[in-house]
Structures are given as C-alpha cells and as structure tokens.
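Have a look at the structure below, then the notes.
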Amino acid sequence: MIRVIAATIAVLAALFTAHVPAEAQDTVKSGADIAASGVGDNVPACAGCHAQNGIADGSGAFPRLAGQSAYYMARQFDDYASGIRKSALMGPIAKALSAADRAAVAAYFASADGPFLFNKRADPALAERGRQLARIGDEAKALPACNNCHGPGGVGEFPAIPYLAGQYADYTVLQLQLWQSGARKDSAEGMAEIAKRLSEQDMAAVAAYYQQLREAPAQAAK
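The following block contains the structure:
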C-alpha cells in the first residue's frame, strides 16, 4: 500500500511539474507531498478538503485552489499562521507548517489544474446583477467595478489579486460576509470597505456571476 501511495504521488507531481522550470520543481514536488500526505501528526493532507488537484469537492465549502496565484496563496497561509486571518481549521495547520512548506504548497496548487465543478446553477436575473456589479459597479452605493481589481472576466491580477472566475459561489459569499462583519481582517481598507456596501443579494449576485464564468459545458446546459 505504501508503495502504491508513493507511486501515485510521484505520478501526480510529474504531471503538475511538467511545465515548471527545473529550479522550481523540487519546491512543487514538496508541496505535492504535503498535499497528498500532510506533515507529521499536526498537518493533515490538503487533499482531504481541497482535492489533490486543488478543485475541492464542488460543494463550495472549500475554495478552489488550482491555478490560483502562488504569491496570493502563500500570503494567505502567512496570514492564517499569524492570526490576521482567523480560521479554526486553517490557523493551526498554517502555524504547524514552516514558511518553506507553506510556500511549497502554494507553488504546487498554483501549478495544478482540473475541471470546474459546481453544485447548482445561478438564477439568470441574479447572475445579471452580478455582471453589472463586476463590470460597472454601483455608483449609488459607491461600489467600483469588481473587475477593476480582479481583472476582466475575473481572471485575477496576479500575483497579488486572486481570480474569481470559477470560484465556488458559496465560498465567495462567505468571504464577503466575513469581511462585512469584520471577522476577516486582511484587506481592511479594501475588501472590507467594499463588503460593507453590499447587500446580501449583491453578495450572492457577484458570487453567482463569477462562478458561472467557468462552468463546465455540461453543467452550463442544465
């Protein structure tokens, strides 16, 4: 069994490092090992929540990490470790990882890829409101267009700003709620201020719009 697991990890690492410069492959391989097996008794395998390829389970409880900016993910790890970003689950894990391990996991998931999975389709009217907020904003609420920072179509402005296109809507709504309530303290002068101007429907609309930008064709037809 151990040999089978080791072989599986090796195959996955090879797939995800094929397009990575040689000097970075050791870091990505280390991240793949942590994603598959964790570290010691205090760090479970990342794959348990985020899947080995970083696409999570499609429920929206856990974010999609595949292809996200390594810089952004490493910064989130550091914020969890320092307590700036609170999470009963991620906080202890981030603290138990070394800075090198956190960077390795971030590099690995940045190199990962996989299909976009969603558990439900958005109401067209809700998605249209989200499209307006994403592309134009709302002058009456002093809301700038989301795409101003997150890029055309929500593809992100790497390395500092994450992609939203294809991110799970439920996860996006939760983060906006945390910023609005003050529970999430990173980006206090950015996302927190914007979230405070959003209604619950606005949050749902933006999240729904960005999620459906990368729906798989079979799901989009439902």
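Each position in the sequence shown, counted from 1, maps to that position plus 72 in the numbering used here.
For every residue, glycine included, the Cβ atom is placed at its ideal position computed from N, Cα and C.
As the structure is a prediction and not an experimental result, all values here were calculated from the model.
Residue environment, residue i, which counts as buried when at least 16 other CB atoms sit within 10 Å
i, result
"R286", "buried"
"N191", "exposed"
"G254", "exposed"
"P224", "exposed"
"L161", "exposed"
"S131", "exposed"
"I266", "buried"
"P234", "buried"
"G262", "exposed"
"W251", "buried"
"G120", "exposed"
"D151", "buried"
"F188", "buried"
"A182", "buried"
Counterpart residues of residue i in DSSP-defined beta bridges
i, result
"E229", "I233"
"D210", "L215"
Identity of the residue in the options nearest residue i by Cα
i, options, result
"A264", "Y282, A280, Y281, V245", "V245"
"G126", "Q252, A142, D113", "A142"
"Q249", "A237, L270, Q239, Y235", "L270"
"G186", "G226, Q124, G163", "Q124"
"M145", "A175, R201, S109", "A175"
"D129", "Q239, P231, D258, W251", "Q239"
"G155", "V278, A104, D258", "D258"
"Y180", "E261, A133, A107, A276", "A107"
"M275", "E261, A260, V227, A194", "A194"
"A172", "V111, A214, A133, P216", "V111"
"A232", "I208, A214, G132, R147", "R147"
"A279", "H122, S159, A206, A96", "A206"
"A302", "R201, Q247, H122, Q204", "Nothing can be reported for residue 302: it is not among the residues displayed for the chain, which extend from 73 to 294."
"P216", "K268, A133, A96", "K268"
"A299", "L189, A96, G209", "Residue 299 cannot be examined here, being either before or after the span of the chain that is shown, 73 to 294."
"D105", "D113, C118, A96", "C118"
"A133", "Q273, Q247, D98", "Q247"
"E272", "R256, G202, A212", "G202"
"Q97", "A184, A212, Q204, R256", "A184"
"A260", "G163, R157, K213", "R157"
Integer-rounded CB distance, given that residue j should sit under 8 Å from residue i
i, j, result
"A197", "Q284", "Between Q284 and A197 the Cβ distance is about 13 Å, and since that is not below 8 Å, they are no contact."
"A153", "A166", "4 Å"
"P135", "Y243", "5 Å"
"E229", "C218", "Wrong, their Cβ atoms sit about 11 Å apart, outside the cutoff."
"L169", "V100", "Between V100 and L169 the Cβ distance is about 16 Å, and since that is not below 8 Å, they are no contact."
"G226", "A237", "4 Å"
Heavy atom of the ligand SAH within 7 Å of residue i beta-carbon
i, result
"Y240", "With respect to small molecules bound, the structure shown includes none, and the ligand SAH cannot be examined in it."
Point to revise | Length at least 4, wholly inside the region 149–182: the alpha helix (DSSP H) runs in chain order | key: Complete alpha helix (DSSP H) runs here, min 4: 162–168.
**Study point:** alpha helix (DSSP H) segments (min. 4 residues) lying fully within the region 104–152
**Key:** Secondary structure in the region 104–152: the alpha helix (DSSP H) runs of 4 residues or longer, each lying completely within the stretch, are 119–122 in chain order.
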